[in-house]
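To get the working numbering, take the position in the sequence shown, counting from 1, and add 2. Structure first, then comments.
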Amino acid sequence: MGVQEHDLAAACAKLNVMAERARPADLAGAVDAIRGIAQAEGRLPVVAVARAIEAALARGERGVVINGWIAMLGEAVGCGRSDADCTSVYLAAGAVRLAG
């Protein structure tokens, strides 16, 4: 695991702990930091899932939906791919997993 991947994994773990009690604005700030690191590293799936979390928070989503996207974010961090197809798969999987 590279340094940046370790940093992203640690940030996702922290975000997961925060999700239970943090204010939405605090969660959004933590997600924004993760997205920034991922953007700098060209980690497209991580960036896309982070944006999905930000959008869900902006819509007022809480609880299971946010926790589900955070789990998906952790999976994206662990993925070795950074291409557009992989990004689409993560977004589709998140939408299916969290629908209904």
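Glycine included, C-beta positions come from ideal geometry on N, C-alpha and C. Being a predicted model, the structure only gives us computed values, none of them experimental.
{"Check": "7 angstroms Cβ shell around Val98 - same chain, five flanking residues per side excluded", "Outcome": "none"}
{"Check": "Cα-Cα separation, Arg83 to Asn69", "Outcome": "23 angstroms"}
{"Check": "Length of the line joining the Cα atoms of Leu75 and Cys14", "Outcome": "7 angstroms"}
{"Check": "Proximity winner among Leu93, Gln41, Glu77, relative to Ala54 (alpha-carbon distances)", "Outcome": "Leu93"}
{"Check": "Continuous beta strand (DSSP E) assignments of at least 3 residues falling wholly in the segment 14–53", "Outcome": "none"}
{"Check": "CB contact flag (Ala11, Val79, <8 angstroms)", "Outcome": "yes"}
{"Check": "Simplified DSSP assignment, three categories, for Asp9", "Outcome": "helix"}
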